[in-house]
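Report on the structure given below.
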Amino acid sequence: MAQDENKDIVLSVEDLMVTFTTEEGVLSAVDRVTFSLERGKVLAIVGESACGKSVTAFSILRLIQKPGQIAGGKITLYPKNISPIDITGLTEKSDMLYQVRGGLISMIFQEPMTALSPVHTIGNQICEAILLHQNVTVKEAEKLAIEMIGKVGIPHPERRLQQYPHEFSGGMRQRVVIAMALVCQPEVLIADEPTTALDVTIQAQILDLIKSLQRDLGTSVIFITHDLGVVAQIADDVAVMYLGRLVEQATVRELLKDPLHPYTAGLLKSLPRNETKQARLPSIIGNVPSLTHLPAGCPFHPRCPDSIPGVCDVGDNPMMEMLPNGRLVSCCGARKFKGATKT
Amino acid sequence: MADNPTPSPTLNGDEELIELSTATLSQWQLICLRFSKHRLAVASLYILIVLYLMAIFAEFFAPYGQNWRDLDHAYCPPQLPKINFSHGINVNAMHRHIDPITFKKYYIEQKEDFIPLSFFAKGEPYKLWGLIPMERRFLGVDHNAYVPPDSEEEKTLPTFYFLGADKFGHDIFSRIIYGSRISLSIGIIAIVITFILGVTIGGISGYLSGRVDNLIQRMIEIVNAFPQLPLWLALAAIMPGDWPALRVYFAITIVLSLLSWTGLARVVRGRILSLREEDYAVAAYLLGASHRRIIFRHLLPGFTSHIIVTLTLSVPGMILGETALSFLGLGLRPPIVSWGVMLQECMNLQVVANYPWLLMPVISIILTVLAYNFMGDGLRDAADPYSSHVTR
Amino acid sequence: MNDYGVEPLLKVKAFSKHFPIYSQGFGRKQIDVVKAVDNISFNISPGETLGLVGESGSGKTTCARTILRALKPTYGEAIFRVNGKAIDLVKLTERELKPLRTQMQMIFQDPFSSLNPRMTVGDIVGEPLHIHKLARGKELIDRVDDMLVKVGMKPEHRQRYPHAFSGGQRQRIGIARALIMRPSLVVCDEAVSALDVSVQAQVINLLEDLQEELNLTYIFVAHDLSVVRHISDRVAVMHQGKIVEIEETETIFENPQHAYTRMLLSAIPHPDPDVKLVFTPLSESIDN
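Protein chains in written order, with this note's numbering: chain A, 1 to 343; chain B, 1001 to 1392; chain C, 2001 to 2288.
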């Protein structure tokens, strides 16, 4: 892709397709999604339920299990000092895949309570992550663990190794999870709604933490969320997904100040704004359709205020179009984009 | 109402499509739908239906009466039915010989001599359920081969034993069918008693909680601490030997259910405790629903399927319990026929070694127990139909 | 009494809910209490929306549920004006409460667990009328249909089961159930928190429309401050069981007085990349 040439890409996802085989047929959870993550930057993937953002994240780590499967596309990791790794091409039990998981790409999840094993100490769990990927002794691993626990802002790190998850609060547990994920200094961190279950004050602290760690360690982050406020605070680039398709990708400033796709615009308009007290929130009509009955043509057209009959409701998906400034948008409707070239 | 105005036709149509397929199905219909996809469970259901039909119409399906016997054919080996075009359904005849030296009886199967059988054959008159006089049986010796039709001649027809004969010349196959009446029904009746005890006590315990709950749970633990088999034996042993058969029968069922209701009570209590906190139960309370309405309309349907599954999976235990008691001579006794009673003759290893077909009731027990287990498994898998439909 | 001389619909004074903590082991003795709601007082005027905000553990949900008598209050009073009379909700027995239930209702947070999956939509929405014998037969069906249309559903949805609907639609059904008896006081317990962003706006609009049409008074419990700011007339901020600040909405957001309120507001991420989050925590909020 044209935009790759001047940028240092650490992870590229091309035409990713993930399907689920269910009683109601083969559902397309992710449909030809293409994006790339720049080294040292934070890419936010935004969307609502059933948009496929979590499925995309799981696919990057090859965590999709039956009845789901990666039906097509290519995911490539470009680590700093090793040759590029074709993640989709790796076999299930290959050594390289185990190295990638946790070593080169880590993931943190929404629920800190269920992400930690209740019967193992914190020290045990963090050291496990270290020993799996680094050639060190147990003593050295413990030292690294203590260092990392301190880095995530937990006071008295030496005492923590012997403690169990239930002795920590929700926010602390999430910090532990972040420590586990970053202790091996992976190239990419995937964060799947890590602050959704937390109070807003804890969320602010965790976002701060992720930002500072990302700067210090140079990790590239994929941050999945549905909260546009969080996106504004933490992301450099944003990709918006709807029903398994990528509908828009831009820098955070471009997306939030000047959204091009009607869905993004609709989402932004429907947020209760703090500045202007509106009488009525402009909302997107209708509901997200079920994956079993996708609309023909553009998946958003039934709810789109700018939908053009005869154009938006027929044929295949609107294709991704790239604008000269590198923005991507997938809309065949009313908006005419200057200088767009089809990708 | 500006928020959901007329949406575009496509969305409307799609919504309708999605919703029609399972939208109007109630919980039971969804369970049946899922259950029907479980082939093993459905097959087990059919097998059980056949078994119970045969038990209900035992007099019709069994070739011979419950206590009918022919001492001339004691320990006759099984005569399995064959079908061929020339003779129809038939069995090979068995001729009895006595070894001149040891005086031991043995049987030789005659390949050429056969006994023709037919469906709905006329035989000795009997009364279905002791009420309806009937003459025809499902399968029997073909009367017409021996006595011309419309003839009043009385002739003793040759006997045949599908699964062999026992010490007295009883037909084991017929006795298995009659025995199924007892063994299969004891399971059901014991389940009903367990259900009543378990749901009531467990329900009270769960809904009232606090001290009542505490007390009941401790009581359950005490009951559970009793070793099951010795207790059954003790209770069965104190039953007077001269009690009529029916009373013994009911006593046994009560004994069996006395120890098994605790499992159900615990399950019911657990479910009520968790369902009570569900938002919809709280909503019902806030609407002003009476306690009775909350229990029966909101909580109970939430675990009816659990109850049915638990009960279905308990039946094999009951059947095996009755079998064990009768086998040991402490449950039902002859002349009542049950599978356990039939197995009493197998206590002697010598007898079993020489005449292994006496163990046939074991096959029917295994068949019933497996069928109940598979069906119960299928029901349990089908019983949570809403898990797959929770979409977000 | 507010400025206009209208009697408040609900007057809460020294309201508390304590949960006992028992010792472990054999003899259960009460050794301590958790003061989930600790001596709070506030008034609500008819037709007003009072936002109740706080973080988890602040007691806002417990407070709202205890006012509706889903839980039994420990002490205090909650004077509810209904039919011209002032009744203290705390002192009523279960039996006396029942007729009042038609006047105070709750909308729940989770659209998936707040509807009985084994009842049809028609049964769910019609149940309140059934319990209080307010309608029967055809009249009941008509009122259910009427309510369904009011919340943006269709009459034919009556025969369907909740699993056939999306989260937003289920929430609408929950709203229909709560409002069919025309209560005067409605508690919205995080009523939009579990919904997708695009659906949230729809439901917020619906709640506001219905408030105007049916003359409802809302206690809007939420943790999302932007939503609270949009919908509330006044806001009460709760922290560890107490109300730390209660003011008109704009006053709270523009000029917060209490340190906790200021901290809470500083934590909200704005969907504007140029407005950076500068979180100023209180010393006791750093989790340890």
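All C-beta atoms, glycine included, are put in the ideal place defined by N, C-alpha and C.
Since this is a predicted model, take the numbers as computed values, not measurements.
At the C-beta level, A/A232 and C/P2155 stay beyond 8 Å of one another. Residue contact with chain C for A/V176: absent (no Cβ-Cβ distance below 8 Å to any residue of chain C). Taking 8 Å as the Cβ-Cβ cut-off, the region 2188 to 2218 of chain C approaches chain A at D2196, V2197, S2198, V2199, Q2200, A2201, Q2202, I2204, N2205 and E2208, given in chain order. Collapsing the DSSP output to three states places B/A1043 in a helix.
By the rule that beta-carbons nearer than 8 Å mark a contact, B/D1279 touches chain C. Under the Cβ distance rule, A/V200 counts among the residues neighbouring chain C, one pair being separated by less than 8 Å. In this structure, B/G1329 keeps its C-beta atom at 8 Å or more from the C-beta atom of B/Q1350. Contact fails between the region 1085 to 1097 of chain B and the region 1201 to 1212 of chain B, because fewer than three Cβ pairs, one in each stretch, are under 8 Å apart. Burial state of A/M180 is buried, judged by a 10 Å Cβ sphere holding 16 or more other Cβ atoms. At a C-beta separation below 8 Å, A/G52 has no neighbours in chain C, since its nearest C-beta there lies roughly 14 Å away.
A/L291 is not a Cβ neighbour of A/C51, given a cutoff of 8 Å.
With fewer than 16 other CB atoms across the displayed protein chains lying within 10 angstroms of its CB, A/T91 is exposed. A residue is called buried once 16 or more other Cβ atoms fall within 10 Å of its Cβ, and A/K53 is buried on that count. Taking C-alpha positions only, A/S307 is separated from A/R160 by approximately 56 Å. When only Cα atoms are considered, A/I190 and A/I224 end up about 8 Å apart.
Put simply, the region 2233 to 2249 of chain C does not touch the region 2070 to 2082 of chain C. Fewer than three CB pairs are less than 8 Å apart.
In terms of Cβ geometry, C/V2033 and C/F2019 form a close pair [threshold 8 Å]. The beta carbons of A/P112 and A/Q174 sit closer together than 8 Å. Annotation: the continuous alpha helix (DSSP H) that includes B/D1213 extends over G1210 to A1225. Interface annotation, B/H1298: in contact with chain C, CB-CB separation under 8 Å. In the three-state DSSP reduction, B/S1185 falls in the helix class (H, G or I). Put simply, the backbone Cα of A/V314 is about 53 Å away from that of B/I1049. Distances from the CA of C/R2182 to each of C/P2073, C/K2013 and C/Q2105 were compared; the closest alpha carbon is that of C/Q2105. Annotation for B/L1275: A1281, H1298, L1299, G1302 and F1303 place their beta carbon closer than 8 Å to its own, counting only its chain and skipping 5 residues before and after. Leaving aside the five residues that flank B/K1105 on each side, the residues in its chain whose CB is nearer than 8 Å to its CB run, in chain order, A1074, Y1075, R1096, H1097, I1098 and D1099. Cβ neighbours of A/V230 within its own chain (closer than 7 Å, five residues either side excluded): T195 and L207. Below the 8 Å Cβ cutoff, chain C contributes V2197 and S2198 as neighbours of A/L267, in chain order. At least 8 Å separates the CB of C/P2073 from every CB of chain B. As DSSP reads the structure, B/N1090 sits in a beta bridge with B/K1082 and B/P1116.
Taken in chain order, the whole alpha helix (DSSP H) runs of length 4 or more contained in the region 210 to 267 of chain A are 228 to 234 and 252 to 257.
Contact check for A/S330 against A/V247 passes: the beta carbons are separated by less than 8 Å. For C/K2085, the enclosing beta strand (DSSP E) stretches over residues K2085 to D2088. Among the residues facing chain A, C/I2268 is included, as its CB has a counterpart in that chain under 8 Å away. Of the residues A/I108, A/F109 and A/P79, the one whose Cα lies closest to the Cα of A/M96 is A/P79.
C/V2237: member of the beta strand (DSSP E) spanning R2234 to H2239, first to last residue.
Contacts with chain C at 8 Å (Cβ-Cβ) include A/I284.
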